[in-house]
Amino acid sequence: MKRIYAIEELCLNCRLCEVHCKTAHSLSKDVFKANKYEEPTPESRVTVYGNNFASAALNCRHCDDPKCVKACITGAMTKDKTTGIVYVNENKCIGCMTCLAVCPYGCIKQGKAAVKCDLCRNENEPACVKNCPNHALIYVDKGGEEK
Amino acid sequence: MKYIIIGASAAGLACAEQIRKEDKDGEITVLTKEKYLPYSRPSISSYLKGAVKENNMYLRKSSHYTSEGIHIVTGAQVKIIDRKSKTVKAGRKTYPYDKLCICTGSKPFVPPMKNVDGKENALTFLDLESAKRIKRLANPRTRAVVIGGGLIGMKAAEGLSKICKSVDVVELAPHILPSILDEKSAKTVKKHIETEGHIKFHLEQTVTEAKSSKNKIISLILKNGDEIACNLLLLAVGVRPETELAEKCGLEVSRGIITDPATMQTSDKSIYAAGDCTVSVDMLDGSKKIIALWPNAVNQGIAAGSQMAGGKITINKSFSVNAIDFYGLRICTCGLINVQGAKYSDKVICNGDRYKRLIFEGGRLAGYVLINSSENAGIYTNLIETGMDLSSLSGNLFDTPNPFLFVKPVRNKLLKGELDL
Ligand SMILES: Cc1cc2nc3c(=O)[nH]c(=O)nc-3n(C[C@H](O)[C@H](O)[C@H](O)COP(=O)(O)OP(=O)(O)OC[C@H]3O[C@@H](n4cnc5c(N)ncnc54)[C@H](O)[C@@H]3O)c2cc1C
Ligand code: SF4
Ligand code: SF4
Numbered sequence: 292m293k294r295i296y297a298i299e300e301l302c303l304n305c306r307l308c309e310v311h312c313k314t315a316h317s318l319s320k321d322v323f324k325a326n327k328y329e330e331p332t333p334e335s336r337v338t339v340y341g342n343n344f345a346s347a348a349l350n351c352r353h354c355d356d357p358k359c360v361k362a363c364i365t366g367a368m369t370k371d372k373t374t375g376i377v378y379v380n381e382n383k384c385i386g387c388m389t390c391l392a393v394c395p396y397g398c399i400k401q402g403k404a405a406v407k408c409d410l411c412r413n414e415n416e417p418a419c420v421k422n423c424p425n426h427a428l429i430y431v432d433k434g435g436e437e438k
Numbered sequence: 393m394k395y396i397i398i399g400a401s402a403a404g405l406a407c408a409e410q411i412r413k414e415d416k417d418g419e420i421t422v423l424t425k426e427k428y429l430p431y432s433r434p435s436i437s438s439y440l441k442g443a444v445k446e447n448n449m450y451l452r453k454s455s456h457y458t459s460e461g462i463h464i465v466t467g468a469q470v471k472i473i474d475r476k477s478k479t480v481k482a483g484r485k486t487y488p489y490d491k492l493c494i495c496t497g498s499k500p501f502v503p504p505m506k507n508v509d510g511k512e513n514a515l516t517f518l519d520l521e522s523a524k525r526i527k528r529l530a531n532p533r534t535r536a537v538v539i540g541g542g543l544i545g546m547k548a549a550e551g552l553s554k555i556c557k558s559v560d561v562v563e564l565a566p567h568i569l570p571s572i573l574d575e576k577s578a579k580t581v582k583k584h585i586e587t588e589g590h591i592k593f594h595l596e597q598t599v600t601e602a603k604s605s606k607n608k609i610i611s612l613i614l615k616n617g618d619e620i621a622c623n624l625l626l627l628a629v630g631v632r633p634e635t636e637l638a639e640k641c642g643l644e645v646s647r648g649i650i651t652d653p654a655t656m657q658t659s660d661k662s663i664y665a666a667g668d669c670t671v672s673v674d675m676l677d678g679s680k681k682i683i684a685l686w687p688n689a690v691n692q693g694i695a696a697g698s699q700m701a702g703g704k705i706t707i708n709k710s711f712s713v714n715a716i717d718f719y720g721l722r723i724c725t726c727g728l729i730n731v732q733g734a735k736y737s738d739k740v741i742c743n744g745d746r747y748k749r750l751i752f753e754g755g756r757l758a759g760y761v762l763i764n765s766s767e768n769a770g771i772y773t774n775l776i777e778t779g780m781d782l783s784s785l786s787g788n789l790f791d792t793p794n795p796f797l798f799v800k801p802v803r804n805k806l807l808k809g810e811l812d813l
């Protein structure tokens with residue numbers, strides 16, 4: 292499956308990926324509203340770590356054998372059999388954060404339900420990748436944990 | 393090949409699904425004495441407080457079992473495992489097996505108390521059925537008492553506090569959540585729970601006797617002589633491995649069923665065991681203990697299932713990891729927490745309501761307790777699991793862990809996987 296990878300050398304720490312991730316996961320889908328007004332505040336699933344000297348945007352790896360899915364105590368976290376996307380069913384999730392406690396990459400955020408990257412589900416290209424002006428995020432079909 | 397699994401919860405379901413991954417034609421039958429398809433046991437406290445609906449508690453859609461060819465028989469309590477004829481008996485039916493997995497989980501441990509046994513309003517809190525009964529009994533006039541200030545007791549108390557007039561918790565230890573918290577952090581958590589949930593604690597206390605009328609408890613007498621009103625009593629002192637079937641058929645059992653720690657095979661080559669009913673070997677200190685937690689049950693179930701189907705997956709990494717919250721206060725714990733001895737050290741950083749305690753064994757991370765500071769805790773968990781040498785890190789371990797904690801080659805692998813860019 293295609294996954295998102297970050298290239299530290301190209302990242303400028305501008306955090307536009309976070310802005311666009313929030314927008315993609317907002318109700319309004321409007322950059323301005325999503326980042327300024329909307330309630331509940333949409334959350335970015337991608338996080339830029341580092342500083343102005345070295346930074347990178349971290350995203351879920353959509354692991355082949357995802358620890359978060361195995362640890363989920365409610366069956367809310369699943370890996371889609373056909374797309375490979377690892378995502379949360381928010382109706383089932385009780386927000387216990389066991390998944391967060393086992394993700395070795397640090398890709399889950401706390402919320403009422405677990406918050407994580409869903410590769411924008413049915414989009415051709417995830418919003419963060421599409422909107423990174425520095426090509427520091429790529430969406431490709433190899434590498435990672437893939438066998 | 394005929395596979396029988398006893399118990400349809402975390403371990404049993406993981407076992408069945410793993411078998412199906414590795415054996416497309418085998419006959420898989422899962423027997424459970426409960427009347428429900430596999431559901432999330434930990435969610436019963438969310439159900440009690442009304443945060444989750446019953447139909448969202450089921451681990452899989454019922455169609456999943458048909459499409460996977462996993463036959464789940466509800467209401468089927470296994471009474472006998474006959475190792476000679478390789479059969480198990482549930483009700484009037486006999487099920488032959490080639491490979492059997494015992495995933496019978498935990499049973500409640502109830503300490504002896506005068507005049508409590510058999511009372512209508514004294515219940516344990518371990519399954520959906522008990523949660524439903526408690527929900528029916530509890531109302532805004534109820535004065536509830538929970539015996540046991542561990543994880544299950546405190547979760548029950550939180551749920552009840554949303555419904556009942558008052559909730560009292562009686563705990564034998566000097567502080568609450570003794571299995572996951574140290575004294576200092578437990579104090580912070582207790583205060584939060586007292587303020588948010590109006591729960592009253594009776595620490596270092598036990599119930600000596602109950603007063604009753606018409607087969608119902610009306611009050612409890614504590615060791616110190618105090619009497620507390622009670623019209624709903626929850627017994628949540630602890631759980632013990634459910635090992636009755638295994639013992640009766642002569643398998644090796646100590647506190648839990650004894651298995652090979654890698655393959656989950658019991659002392660009988662055709663029988664495996666997984667989950668809360670087994671003794672785990674903690675990879676961090678080699679000690680044998682009962683790890684009654686969901687992720688451990690799933691991992692053991694997967695290993696057992698793979699081995700039963702002739703596969704290769706083993707488990708060699710049992711350790712505790714737990715995340716829980718009380719009225720918005722998040723607690724995350726992992727590894728060795730209550731350890732003593734010269735080889736361990738720890739360091740605490742406390743900042744307002746954020747508390748971070750890391751436990752070290754020499755130059756490696758051995759455990760953590762995080763209160764309101766669990767961001768990216770999985771990175772710590774991974775450091776514990778892999779036993780990484782902390783001196784190889786480039787960032788400050790006490791900051792929120794992230795890829796920049798690691799030196800560039802390691803970080804690159806985290807960010808780019810095996811890609812050569
Ligand atoms: C209220 C509560 C909250 C919890 N919260 C958490 C949490 O936040 N995080 C966490 O990691 N863990 C939590 N746990 C623990 C977790 O639920 C267990 O570790 C997990 O369920 C163990 O799974 P298991 O498959 O080994 O056994 P169990 O879930 O105990 O299931 C065993 C099954 O076997 C059945 N069975 C037993 N004997 C027979 C028989 N003779 N014939 C047929 N069927 C039989 C039982 O009825 C049961 O359905 C919680 C538990 C409770 C009760
Ligand atoms: S959240 Fe973490 S464990 Fe789960 S699929 Fe993503 S990277 Fe893997
Ligand atoms: S927070 Fe939600 S998705 Fe994560 S383990 Fe808990 S129930 Fe599962």
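Protein chains in written order, with our numbering: chain A, 292 to 438; chain B, 393 to 813.
Ideal Cβ placement from N, Cα and C applies to all residues, glycine included.
With DSSP collapsed to three states, give me the class of residue i.
i: Tyr766 (chain B); result: Checking the sequence shown, residue 766 (chain B) turns out to be Ser, not Tyr. Here Ser766 (chain B) sits in coil by DSSP.
i: Leu410 (chain A); result: coil
i: Pro424 (chain A); result: coil
i: Arg294 (chain A); result: strand
i: Pro434 (chain B); result: coil
i: Ala403 (chain B); result: helix
i: Ala523 (chain B); result: helix
i: Pro801 (chain B); result: helix
i: Gly551 (chain B); result: helix
i: Val559 (chain B); result: strand
i: Lys438 (chain A); result: Model confidence at Lys438 (chain A) stands at a pLDDT of 35, short of 50, so the residue's coordinates are unreliable and nothing is read from them.
i: Asn743 (chain B); result: strand
i: Pro500 (chain B); result: strand
i: Thr479 (chain B); result: strand
i: Cys384 (chain A); result: coil
Give me the residue from the options with the minimum Cα distance to residue i.
i: Cys622 (chain B); options: B:Pro504, B:Lys735, B:Ala602 and B:Ser659; result: B:Ala602
i: Val631 (chain B); options: B:Ser679, B:Glu586, B:Gly545 and B:Asp560; result: B:Gly545
i: His594 (chain B); options: B:Asn714, B:Val538 and B:Asp674; result: B:Val538
i: Ser737 (chain B); options: B:Arg528, B:Asn688 and B:Ile751; result: B:Ile751
i: Thr466 (chain B); options: B:Ala400, B:Glu639, B:Asp791 and B:Asp415; result: B:Ala400
i: Cys394 (chain A); options: B:Asn794, B:Gly702 and B:Val629; result: B:Asn794
i: Asp417 (chain B); options: B:Ala701, B:Ile707 and B:Leu492; result: B:Ala701
i: Lys361 (chain A); options: B:Leu789, B:Gln692, B:Ala769 and B:Tyr457; result: B:Gln692
i: Arg647 (chain B); options: B:Glu636, B:Gln657 and B:Ala654; result: B:Glu636
i: Thr458 (chain B); options: B:Gly510, B:Leu612 and B:Glu419; result: B:Glu419
i: Ala758 (chain B); options: B:Ile776, B:Cys742, B:Asn768 and B:Ile741; result: B:Ile776
i: Pro687 (chain B); options: A:Ala325, A:Asn425, A:Lys383 and A:Cys390; result: A:Cys390
i: Leu728 (chain B); options: B:Thr516, B:Asn447 and B:Leu573; result: B:Leu573
i: Ile473 (chain B); options: B:Pro434, B:Ile398, B:Gly510 and B:Ala523; result: B:Ile398
i: Ser553 (chain B); options: B:Phe501, B:Glu588, B:Asp791 and B:Leu529; result: B:Glu588
i: Leu301 (chain A); options: A:Glu381, A:Asp432 and A:Pro424; result: A:Pro424
i: His426 (chain A); options: A:Ile399, A:Asn304 and A:Asn382; result: A:Asn304
i: Leu410 (chain A); options: A:Ser335, A:Glu330 and A:Gly366; result: A:Ser335
i: Lys640 (chain B); options: B:Ser454, B:Val470, B:Asn448 and B:Met393; result: B:Val470
Cβ-heavy atom distance between residue i and ligand 1 below 7 Å?
i: Glu426 (chain B); result: yes
i: Ser498 (chain B); result: yes
i: Arg749 (chain B); result: no
i: Val470 (chain B); result: yes
i: Asn768 (chain B); result: no
i: Ser553 (chain B); result: no
i: Arg433 (chain B); result: yes
i: Asp618 (chain B); result: no
So is the beta-carbon of residue i under 7 Å away from any non-hydrogen atom of ligand 3?
i: Thr369 (chain A); result: no
i: Ile385 (chain A); result: yes
i: Ala405 (chain A); result: yes
i: Met449 (chain B); result: no
i: Ala362 (chain A); result: yes
So if I measure from each beta-carbon to every heavy atom of ligand 2 and keep distances below 6 Å, which residues remain?
A:Cys351, A:Arg352, A:His353, A:Cys354, A:Pro357, A:Lys358, A:Cys359, A:Val377, A:Cys394, A:Tyr396, A:Cys398, A:Ile399 and A:Lys407
Could you say if the stretch 342 to 361 of chain A and the stretch 409 to 423 of chain B meet the contact criterion of at least three C-beta pairs nearer than 8 Å?
no
Tell me whether the stretch 408 to 420 of chain A and the stretch 304 to 320 of chain A touch, counting them as touching only if at least three CB pairs, one residue from each stretch, are closer than 8 Å.
yes
Three or more C-beta pairs under 8 Å: does that hold for the stretch 658 to 670 of chain B against the stretch 496 to 513 of chain B?
yes
So, does the stretch 304 to 312 of chain A touch the stretch 325 to 339 of chain A, judging by three or more C-beta pairs under 8 Å?
yes
Is the number of C-beta pairs between the stretch 713 to 731 of chain B and the stretch 436 to 444 of chain B that are closer than 8 Å three or more?
no
Segment contact flag, the stretch 519 to 526 of chain B with the stretch 422 to 434 of chain B, C-beta cutoff 8 Å, min 3 pairs:
yes
When you compare the stretch 754 to 772 of chain B with the stretch 377 to 387 of chain A, are there three or more beta-carbon pairs, one atom per stretch, that lie closer than 8 Å?
no
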